[in-house]
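Colleague:
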Amino acid sequence: MILLTESGVSVCATAQRVKVTAPAVSNWRKRFRDQRLAGLHDQLKSGRPRTHTEEDIAVLLNTALVRRPQAATHWSVRDLADETGISKSTVQRYLALFGVQPHRSRSFKISTDPFFIEKLRDVVGLYLNRPDNALILCVDEKSQVQALKRTQPLLPMGLGYVDGVTHDYIRHGTTTLFAALDIANGQVFTQCKARHRHQEFLGFLRHVELNVPQHLDVHLVGDNYGTHKHGKVKAWLARRPRFHVHYTPPYSSWLNQVERWFGLITQRAIRRGSLDSVPDLKRKIAEFVEHYNQHPKPFTWTATPDSILAKLERLGKVICGT
Numbered sequence: 015m016i017l018l019t020e021s022g023v024s025v026c027a028t029a030q031r032v033k034v035t036a037p038a039v040s041n042w043r044k045r046f047r048d049q050r051l052a053g054l055h056d057q058l059k060s061g062r063p064r065t066h067t068e069e070d071i072a073v074l075l076n077t078a079l080v081r082r083p084q085a086a087t088h089w090s091v092r093d094l095a096d097e098t099g100i101s102k103s104t105v106q107r108y109l110a111l112f113g114v115q116p117h118r119s120r121s122f123k124i125s126t127d128p129f130f131i132e133k134l135r136d137v138v139g140l141y142l143n144r145p146d147n148a149l150i151l152c153v154d155e156k157s158q159v160q161a162l163k164r165t166q167p168l169l170p171m172g173l174g175y176v177d178g179v180t181h182d183y184i185r186h187g188t189t190t191l192f193a194a195l196d197i198a199n200g201q202v203f204t205q206c207k208a209r210h211r212h213q214e215f216l217g218f219l220r221h222v223e224l225n226v227p228q229h230l231d232v233h234l235v236g237d238n239y240g241t242h243k244h245g246k247v248k249a250w251l252a253r254r255p256r257f258h259v260h261y262t263p264p265y266s267s268w269l270n271q272v273e274r275w276f277g278l279i280t281q282r283a284i285r286r287g288s289l290d291s292v293p294d295l296k297r298k299i300a301e302f303v304e305h306y307n308q309h310p311k312p313f314t315w316t317a318t319p320d321s322i323l324a325k326l327e328r329l330g331k332v333i334c335g336t
């Protein structure tokens, strides 16, 4: 702005060229004329001075992160305000600024499998370096999917309020959803069965076998549920050398991508439903699967074994306090 006006360009033309207002151009010209280069630096603005010092903020954060309140498991905004003498609104603002959320928690479980690293590298290696002429399927079952009938009709969403669902319901039975997710294209093979024994799992494996090309090897990623390791299941797999099983470590369901798909169908097709019977539930599941397979979207796996192990190492240090 200063160089343009000094070269003879008018204030209005300069403002249009640099996309600011004409008073802004005049203000910067005046500051440069009066203070030269020092006038181009930012200046302190008028306003009320800060009420709380850095020490006060450090005490607040240290209280929230290190200490525990009496007779409670976690701090609330009001408790922190009473403890530190800082107003509730200020406490809330600083907690949001530093991303401290004492009211929230996340569940976790570290695997105790002595062969965790080997199994981790095996499964993640499949995701990141898919073998040629092979199909990788993440397999599992979602048991006890309930057909719940709400006691009153659902209230539709409107401007300013969300869906209304009654807290009580009538149970109309359950089904078990077996699923195999193709990690290459995102499509799923599914079956609903009354139980989840090894007999039903074998039936689902036969269904998978009929629906995959015969010339491809099939790599199955599954967990350590007893049904998956039943003797008859192992014998069936042994008679089919093109099937290869990769077990995830215990307490590591997050390694199985089909678990993410189970969360998707639960959120979008099951949780808010009001169903009259198990056949109605199966119909809803089939409709969702059919629509999903018309527009599949594979999950993108980016984590490497080394990055996962590094994160677990950091987690272990936090737990041990080192």
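Using this note's numbering, you'd call the opening residue of the sequence shown number 15 and step up by one each time. Backbone N, C-alpha and C define an ideal beta-carbon position, used for all residues, glycine too.
1. Counting C-beta neighbours from all protein chains within 10 Å, is the total for residue 236 16 or more, i.e. buried, or is it exposed?
2. From what residue to what residue does the alpha helix (DSSP H) around residue 105 run?
3. Where does the unbroken beta strand (DSSP E) through residue 193 begin, and where does it stop?
4. Excluding five sequence neighbours on each side, which residues of the same chain lie with their C-beta closer than 7 Å to the C-beta of residue 226?
5. Can you name, in chain order, every residue of its own chain whose Cβ lies under 8 Å from the Cβ of residue 215, other than the five neighbours on each side?
6. Going by DSSP, what residue range makes up the alpha helix (DSSP H) through residue 119?
7. Go ahead and pull the three-state DSSP assignment for residue 32.
8. Between residue 269 and residue 280, is the Cβ-Cβ spacing less than 7 Å?
9. What residue from 161, 159, 157 and 180 has the CA that sits closest to residue 168's CA?
10. What is the DSSP secondary structure of residue 201, reduced to helix, strand or coil?
11. For residue 176 and residue 95, what's the separation of their Cα atoms in angstroms?
12. Tell me whether the beta-carbon of residue 183 lies closer than 7 Å to the beta-carbon of residue 164.
13. Identify the continuous beta strand (DSSP E) that holds residue 236 and give its terminal residues.
14. Which first and last residues belong to the beta strand (DSSP E) in which residue 218 is found?
15. Please identify the residue among 205, 212, 171 and 75 whose C-alpha is closest to the C-alpha of residue 110.
16. Report the residue from 201, 108 and 81 whose alpha carbon sits nearest the alpha carbon of residue 302.
17. Does the Cβ-Cβ distance between residue 271 and residue 218 come in under 7 Å?
18. Does the Cβ of residue 266 have 16 or more other Cβ atoms within 10 Å, making it buried, or fewer, making it exposed?
19. Would you mind giving the Cβ-Cβ distance between residue 66 and residue 100, rounded to the nearest angstrom? I have them listed as a contact below 8 Å.
20. Within the same chain, show all residues whose beta-carbon is closer than 6 Å to that of residue 221, passing over the 5 residues directly before and after it, in chain order.
21. For residue 39, count the other beta carbons within 10 Å of its own beta carbon; 16 or more makes it buried, fewer makes it exposed. Which is it?
22. My output table needs one value for residue 305: the three-state DSSP class, helix, strand or coil.
23. Given this structure, state the Cα-to-Cα distance separating residue 34 from residue 46, to the nearest angstrom.
24. Quick check on residue 284: buried or exposed, where buried means 16 or more other Cβ atoms within 10 Å of its Cβ?
25. Could you pull out every residue in the same chain whose Cβ sits closer than 6 Å to the Cβ of residue 187, ignoring the five residues on either side in sequence?
26. Consult DSSP for residue 296 and reduce its assignment to one of helix, strand or coil.
27. Of the residues 104, 134 and 88, which one's Cα is nearest the Cα of residue 118?
28. Can you check whether the CB of residue 151 is closer than 7 Å to the CB of residue 196?
29. Would you kindly check if the distance between the Cβ of residue 27 and the Cβ of residue 36 is under 7 Å?
30. For residue 70 versus residue 83, is the C-beta spacing smaller than 7 Å?
31. Let's test the definition: count the other Cβ atoms within 10 Å of the Cβ of residue 137 and tell me whether it reaches 16, buried, or not, exposed.
32. From residue 210 to residue 174, what distance separates their C-alpha atoms?
Modeller: Reading from the atomic positions:
1. buried
2. 102-112
3. 183-196
4. 149 and 232
5. 155, 192, 241, 242, 244 and 247
6. Residue 119 -> no alpha helix (DSSP H), and no H or E assigned at all.
7. helix
8. no
9. 180
10. coil
11. 32 Å
12. yes
13. 231-236
14. Here residue 218 belongs to no beta strand (DSSP E); instead the alpha helix (DSSP H) covers 212-225.
15. 75
16. 201
17. no
18. buried
19. 6 Å
20. 205
21. buried
22. helix
23. 17 Å
24. buried
25. 161 and 292
26. helix
27. 88
28. yes
29. no
30. no
31. buried
32. 43 Å
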